[in-house]
Amino acid sequence: MRFPFLQKDNLLPIVYIANLLFSFHFFLILYINSSFLNLYATEGIIGLLYALGSIGSLLLLLTAPKLLSKIGNQAFTLSYLILEFIAVIGLTFSSSLALIAFFFVLHGAVVGLVSFGLDIFVEKHSTKETETGGIRGLYLTLANTALVIAPTVVAFLLPRGDFGGVYLASALFLIPTFILIRKYLKESKETFRPVSFSKEIEVFRKDRNLRNIFVVNLVLQMFYAWMVIYTPIYLSLYIGFTWDKLGILFTFMLLPFLLFELPLGKIADTFFGEKEILVAGLAITAAATSLISYLTVPSFILWAIILFLTRTGASAVEIMTESYFFKHVNAANFDTISVFRMARPISFIITPLIAGIALGALPYRFTFLVLVGILLLAIRPALEIKDTR
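181 is the number of the first residue of the sequence shown in our numbering; add one for each residue after it.
What follows is the structure, given as structure tokens:
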């Protein structure tokens, strides 16, 4: 498969490598965070900490355009990399709930800003909208290589509940990420202009396609939030899997992101557009997630199949939302990208609230049916977007 956007005079490969390294950092701790917090706090407090971090992230995203206009994207991204390093090192060595809560909220607030900065770099060094699906597909596939490998690494690093070792390994990946961005991805402050966020939100309100793809992305992020916070706790405390098995299980679960996103991105560019694949992905994700409520035995094979199917659908939804959105924007629309990326912190504010209500009213396993209902709500806006082909 040829990728014409990978040329010698193009800095996209540097952005890809930086994102791959950052992804190893992020995904090493993604699925252990809630279990680590559960050593010190109840599920209600855990949800609150996720929400507080996401509120911080949302506030920072609101200020991102103004800060970008002053210091440029390189300094912006490097600054948040430093804060993320401090947060994860803090989690590595802290043992009191107060310190853990502080550093976890800091991590939740700043980690998404690094991803946002990398988004800007990708858009700046992408030139042809007709290659957006392929560019985003490769970008996500390389990142998802880390997503797939990380849980197996965790299985080896976490045989005796030594969460600190995992956080330390995660922090070390930030160092080469910082060096790459500092050395190669230089740019002037003039690249960015001050913008009005209220005007940008109005753009989403008036543009039906942007609004609908944002809703689909929000629902997808709520699915991820629910799975990240509550699935590890459910599988370990209620089903009975230990982390040496959970790490392997999560690696198999996440394989669809590595296997499917790149070819689906190319297919969306060449043949179908995004709508059909988007709707099919939502339906598969909802159907597979519903099965979680009815499997109560610790069968590794059965859980692997169900979780694999949930991510098969989610991988299709993810690459289609990314491809569709970024075909409608470019690097100059960093304010629009900022609004789009707010879906993740918003999801981590809304999801613990909904899940908390569900946990108070339903047995733990049936709360996943609430998530199914949320996924089904996204099918209508997905059907209403105007396809790109």
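All residues carry an ideal CB built from backbone N, CA and C; glycine is no exception.
Does any C-beta atom of chain E lie closer than 8 Å to the C-beta of Val497? In the structure shown, chain E cannot be found, because there is only a single protein chain.
Distance between Tyr410 and Phe284 (C-alpha atoms, nearest Å): 17 Å
Glu223 lies in the alpha helix (DSSP H); which residues open and close that run? 223 to 273
In three-state terms, what does DSSP make of His508? coil
For the alpha helix (DSSP H) containing Met433, list its first residue and its last residue. 423 to 433
Kindly indicate which residue of Pro193, Val509, Phe336 has the alpha-carbon position closest to the one of Gly427. Phe336
Which first and last residues belong to the alpha helix (DSSP H) in which Leu475 is found? No alpha helix (DSSP H) contains Leu475, which DSSP labels as neither H nor E.
Would you please state the rounded distance, in angstroms, between the beta carbons of Val214 and Pro412? I believe it to be under 8 Å. The sequence shown places Ser at residue 214, rather than the Val named in the question. About 6 Å; that satisfies the 8 Å criterion.
How long is the line joining the alpha carbons of Leu338 and Asp424, rounded to whole angstroms? 7 Å
Close-in-space but distant-in-sequence residues of the same chain around Val459 (CB under 7 Å, 5 per side omitted): Ile559, Ala562, Leu563
Output needed for Gly461: all residues of its chain with C-beta closer than 6 Å, excluding positions within five of it in sequence on either side, in chain order. Gly493, Ala496, Val497
Pair within 8 Å by beta-carbon distance, Ala244 and Leu286: no
For the segment 210 to 225 and the segment 524 to 531, state whether three or more C-beta atom pairs, one from each stretch, are separated by less than 8 Å. no
Backbone CA spacing between Ala267 and Thr469 [nearest angstrom]: 32 Å
Top-ranked residue by Cα proximity to Pro443, from Gly297, Tyr230, Leu229, Leu318: Leu318
Does the beta-carbon distance from Ile457 to Met500 come in below 8 Å? yes
Leu398 to Ser503 span [Cα, whole Å]: 15 Å
Go through its chain and collect everything with a Cβ distance to Lys250's Cβ below 6 Å, but skip five positions before and after it. none
Spell out a yes or no on whether the segment 340 to 355 and the segment 191 to 209 are touching, meaning 3 or more CB-CB pairs, one atom from each, closer than 8 Å. yes
Cβ-Cβ distance between Glu587 and Ala448 below 8 Å: Look at the range of the chain in this structure, 181 to 569, and you will see that residue 587 is not part of it.
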